[in-house]
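Protein chains in written order, with our numbering: chain A, 9 to 256; chain B, 274 to 654. Below is one structure, written out as structure tokens; the observations come after it.
Pasting the structure below:
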């Protein structure tokens, strides 16, 4: 086995069981820096649970998650974020009562302690960075709007923007184009291609067209285990994958 | 673009109107007895400010604010009681120099935790800090374990019940069910005269305005927006790199400290403190005051506190048996029909009128700054 420090993210022997049911079972995979990895698999394969385990939302029963050589399984959620892991949830998770500007500002990585937040000033670097990210996610004209007023697709973009402003080395996206219209999907693919450079990305997605569009490599999960791994071409022609997932 | 003012003009005017009402209009319009009542109501306003931050903004409902109100009040009462219990004034007791209720309960020496309250400086520090310390311990135990919502509300209520039982049960140390009574002077100044009550009213009102401004500054800061964000999407805040529990502990401690200050001002103006201000019923009443006024508006909570208490006094004078039902109905009405209380009603009916009054100003403004201005204004609601 290769020295794990070579990888940005090394997941080894990861297991979690809920009341005896192993949602993720002795799972190992490795993600390189700047790699776009897509996780696919049938419902209940444990895809979202894997992201939950990496970002600390769910505690692993066994195994390790090393990120830049640092063990994440013992850290708290906010420490994992501060180590450089960003997580987007499946349903848009934004602050509806705040403006788009404020949503992005809260995600700006400064003043994260209680007293840091009290002393936080909205200075030029903050405003510039918020504008920069807002223009990237097509929301610059809506900075003053309450996030509640955004469309579903715009909310998804906003949450992606909230992650980008953190500048994470590893970005995890859970079904970023689910529930989007065709034109929103196209725009999102364009957005992701632009912003996914210079960082590793772990994406869960069901939309095969979208996966083919962005994936460097694909990991197929089935019943909490890796069924197949490799390029999209390789995975698509794997009879096991066709059997449990793509064939349906 | 320059940093906006510390407080927007709209908020400043609203604070000034409130300040004029309680520091000018009411003292001129009311006889001393009524003004003293208003002074008492205003001490509940301190609790209301804390509830707006803690419950309205951060979504943490505490049904135990009476605990902190009572603790602050007891700290002040202990100081005043010690001052009233000089050896000369208590020479008929078997142990002179200790508070009378201790003597009745066969105590022969001042308990250790009473001793520091000989010092006014210690007392003034203890009034906000003792409640904040207890809130810190409760917060640490609850929020670090992610206990929240209804469970937290029930636990705070249980603590309020426990504290009441403790105070009543340990009457040798606390004065029991009667509380600490017969308070006379503050550093030799008689607090029972009409003039003293007038002075204390202004001190209390001034402090309330200061606390109101401080609370508005907290809400204007990024911390204020994080509290709202936490109420809506706790997980998102956590996964934006914040330790959510610390923010909850902080805001709960601030609310407790504010309640403690209110309690101390209550003791000074009313002249005693008893467990009837600590328990479950007063704690719930404090929440109702804030809810009626509007839990997401600092000024709304203050007006609500004044109005409900005024109604309570008026009702209780004429139809005492009906008041509890009236208050219950009021609370249900607020929860069902106006979740944002009076402030919400005012906002909904006045905001469109104001918007119609100022169409030209909006047009005169250049477009680019409007976006950021609006974003900056958005922090205060």
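Quick reminder that beta carbons are idealized off the backbone N, C-alpha and C, glycines included. Owing to the predicted nature of the structure, the values given are computational and were not obtained by experimental measurement.
Subject >> Runs of alpha helix (DSSP H) wholly within the stretch 587-611 of chain B (minimum 4 residues, chain order) >> reply: 596-610
**OP:** To the nearest angstrom, report how far apart residue 225/A and residue 74/A are at their CA atoms.
**Re:** The residue you call residue 225/A lines up with position 217 of the first chain. The residue you call residue 74/A lines up with position 66 of the first chain. When rounded, the distance between both Cα atoms is 19 Å.
Subject >> residue 565/B beta carbon less than 8 Å from that of residue 581/B >> reply: Along the second chain, read from residue 1 onward, the residue named residue 581/B stands at position 308. Along the second chain, read from residue 1 onward, the residue named residue 565/B stands at position 292. Taking 8 Å as the Cβ cut-off, residue 581/B and residue 565/B qualify as a contacting pair.
Subject >> Residue ranges of each beta strand (DSSP E) within the stretch 546-589 of chain B, 3 or longer >> reply: Segments of the beta strand (DSSP E) lying fully in the stretch 546-589 of chain B: there are none.
Original post:
So which residues of chain A does residue 494/B contact, with C-beta pairs closer than 7 Å?
Top reply: Within the second chain, numbered from 1, the residue matching residue 494/B stands at position 221. Chain A residues near residue 494/B: 125, 126, 128.
Original post:
Are the stretch 336-345 of chain B and the stretch 540-555 of chain B touching by the rule of at least three beta carbon pairs closer than 8 Å?
Top reply: yes
Original post:
Is residue 378/B near the ligand ADP, in the sense that its beta carbon is under 7 Å from a heavy atom of that ligand?
Top reply: The ligand ADP is absent from the structure shown, which contains no ligands of any kind.
Original post:
If the cut is a Cβ gap below 7 Å, which residues of chain A does residue 295/B touch?
Top reply: Sequence index remark: in the second chain, residue 295/B carries index 22 (1-based). Simply none; closest approach about 28 Å.
Subject >> Assigned secondary structure, residue 358/B (DSSP; H/G/I helix, E/B strand, else coil) >> reply: Residue mapping note: residue 358/B aligns to position 85 of the second chain, counting from 1. Coil, per DSSP.
Original post:
Less than 8 Å separating the beta-carbons of residue 115/A and residue 392/B?
Top reply: Locating residue 115/A in the first chain gives position 107, where the first residue counts as 1. Locating residue 392/B in the second chain gives position 119, where the first residue counts as 1. It is not a contact, given that the beta carbons lie outside the stated cut-off.
Subject >> Test item: CB-CB of residue 197/A and residue 221/A under 8 Å >> reply: Counting from one through the first chain, the residue named residue 197/A turns up at place 189. Counting from one through the first chain, the residue named residue 221/A turns up at place 213. Going by C-beta atoms, residue 197/A is nearer than 8 Å to residue 221/A.
Original post:
Which runs of the alpha helix (DSSP H), 4 residues or longer, sit entirely within the stretch 66-114 of chain A?
Top reply: 85-91
**OP:** Work out the CA separation of residue 533/B and residue 511/B for me, nearest whole Å.
**Re:** By one-based count along the second chain, residue 511/B stands at place 238. By one-based count along the second chain, residue 533/B stands at place 260. Computed Cα separation, rounded: 30 Å.
**OP:** Could you say which of 41/A, 52/A, 83/A lies nearest to residue 61/A if we only look at CA atoms?
**Re:** The sequence position of residue 61/A within the first chain is 53, counting from 1. Measuring from the Cα of residue 61/A, the nearest candidate turns out to be 83/A.
Subject >> Short Cβ contact (8 Å threshold) for residue 595/B with residue 489/B >> reply: Here residue 595/B refers to the residue found at position 322 of the second chain. Here residue 489/B refers to the residue found at position 216 of the second chain. Not closer than 8 Å, so no.
Subject >> Residues that residue 106/A contacts on chain B, provided the C-beta gap is smaller than 7 Å >> reply: Reading the first chain from its first residue, position 98 is the one you call residue 106/A. What residue 106/A touches in chain B: 498, 501, 502, 651.
Original post:
Distance, Cα to Cα, residue 355/B vs residue 366/B?
Top reply: Indexing the second chain from 1 puts residue 355/B at position 82. Indexing the second chain from 1 puts residue 366/B at position 93. Taking the straight line joining both Cα atoms gives about 14 Å.
Original post:
Closest by CA to residue 190/A, which one among 81/A, 218/A, 223/A, 155/A?
Top reply: Here the question's residue 190/A lines up with position 182 in the first chain. If we check each option's Cα against that of residue 190/A, 218/A comes out closest.
Subject >> Member of 236/A, 176/A, 231/A, 247/A whose CA lies at the smallest distance from the CA of residue 53/A >> reply: As a first step, residue 53/A must be located in the first chain, where it is residue number 45. For the residues 236/A, 176/A, 231/A, 247/A, the minimum Cα distance to residue 53/A belongs to 231/A.
Subject >> Option nearest residue 168/A by Cα separation, candidates 188/A, 137/A, 200/A >> reply: Against the first chain, residue 168/A aligns to sequence position 160. Nearest of 188/A, 137/A, 200/A to residue 168/A, Cα basis: 200/A.
Original post:
Looking only at its own chain, which residues have a Cβ that is under 7 Å from the Cβ of residue 66/A, when we skip the five neighbours before and after it?
Top reply: Along the first chain, read from residue 1 onward, the residue named residue 66/A stands at position 58. Counting only Cβ-Cβ distances below 7 Å, and skipping sequence neighbours, we find 24, 57, 60.
Original post:
Expressed to the nearest angstrom, what Euclidean distance is found between the alpha-carbon atoms of residue 618/B and residue 611/B?
Top reply: Counting from one through the second chain, the residue named residue 618/B turns up at place 345. Counting from one through the second chain, the residue named residue 611/B turns up at place 338. Near 7 Å, if we compare the C-alpha coordinates of residue 611/B and residue 618/B.
Original post:
Is residue 229/A closer than 8 Å to residue 93/A when the C-beta atoms are compared?
Top reply: Position 85 of the first chain, counting from 1, holds the residue named residue 93/A. Position 221 of the first chain, counting from 1, holds the residue named residue 229/A. No.
Original post:
Helix, strand or coil: how does DSSP classify residue 186/A here?
Top reply: If you number the first chain from 1, residue 186/A lands on position 178. Of the three classes helix, strand and coil, the one that applies to residue 186/A here is coil, per DSSP.
Subject >> Proximal residues of chain A, C-beta to C-beta of residue 520/B below 8 Å >> reply: In the second chain, residue 520/B corresponds to position 247, counting from 1. Counting only Cβ-Cβ distances below 8 Å, residue 520/B has contacts in chain A at 122, 125, in chain order.
**OP:** Determine, using beta carbons only, whether residue 244/B and residue 563/B come nearer to each other than 8 Å.
**Re:** Past the boundaries of the shown model lies residue 244/B; chain B is included only from 274 to 654, so the question cannot be answered.
Original post:
Of the residues 329/B, 522/B, 353/B, which one's Cα is nearest the Cα of residue 456/B?
Top reply: For the purposes of this step, residue 456/B is taken as residue 183 along the second chain, with counting starting at 1. The shortest Cα separation from residue 456/B among 329/B, 522/B, 353/B belongs to 353/B.
**OP:** Can you tell me the Cβ-Cβ gap for residue 452/B and residue 548/B, rounded? I've got them flagged as a contact below 8 Å.
**Re:** Indexing the second chain from 1 puts residue 452/B at position 179. Indexing the second chain from 1 puts residue 548/B at position 275. So it is a contact: roughly 6 Å between Cβ atoms.
**OP:** Please check if any C-beta of chain B sits within less than 8 Å of the C-beta of residue 114/A.
**Re:** Position 106 of the first chain, counted from the first residue, corresponds to residue 114/A. Chain B, which has a Cβ nearer than 8 Å to the Cβ of residue 114/A, makes this yes.
Original post:
Exposed or buried, what is residue 127/A when buried is set at 16 or more other beta-carbons lying within 10 Å of its beta-carbon?
Top reply: The residue labelled residue 127/A in the question sits at position 119 within the first chain. Burial call: exposed.
**OP:** Put residue 345/B into one of helix, strand or coil per three-state DSSP.
**Re:** Working through the second chain from its first residue, we reach residue 345/B at position 72. When secondary structure is reduced to three states using DSSP, residue 345/B falls in the helix class.
Original post:
Can you tell me whether residue 155/A is buried or exposed, with buried defined as 16 or more other CB within 10 angstroms of its CB?
Top reply: Along the first chain, one-based indexing puts residue 155/A at 147. With 16 or more Cβ atoms within 10 Å of its Cβ, residue 155/A is classed as buried.
Subject >> Counted within 10 angstroms of its Cβ, other Cβ atoms place residue 633/B as buried (16 or more) or exposed >> reply: The count along the second chain starts at 1 and reaches residue 633/B at position 360. Per-residue confidence for residue 633/B stands at a pLDDT of 49, beneath the threshold of 50, marking its modelled position as unreliable; the derived number appears in the next sentence. With fewer than 16 Cβ atoms within 10 Å of its Cβ, residue 633/B is classed as exposed.
Subject >> Where residue 230/A sits in the DSSP three-state scheme >> reply: On the first chain, position 222 is the one that residue 230/A refers to. Three-state DSSP puts residue 230/A in a strand.
Original post:
Of all the CB atoms in chain B, is at least one closer than 8 Å to the CB of residue 119/A?
Top reply: For this step, residue 119/A is matched to residue 111 along the first chain. Residue 119/A counts as touching chain B.
**OP:** Using a Cβ cut-off of 8 Å (strictly closer), state whether residue 90/A contacts chain B.
**Re:** Indexing the first chain from 1 puts residue 90/A at position 82. Closer than 8 Å to some Cβ of chain B, the Cβ of residue 90/A qualifies, so yes.
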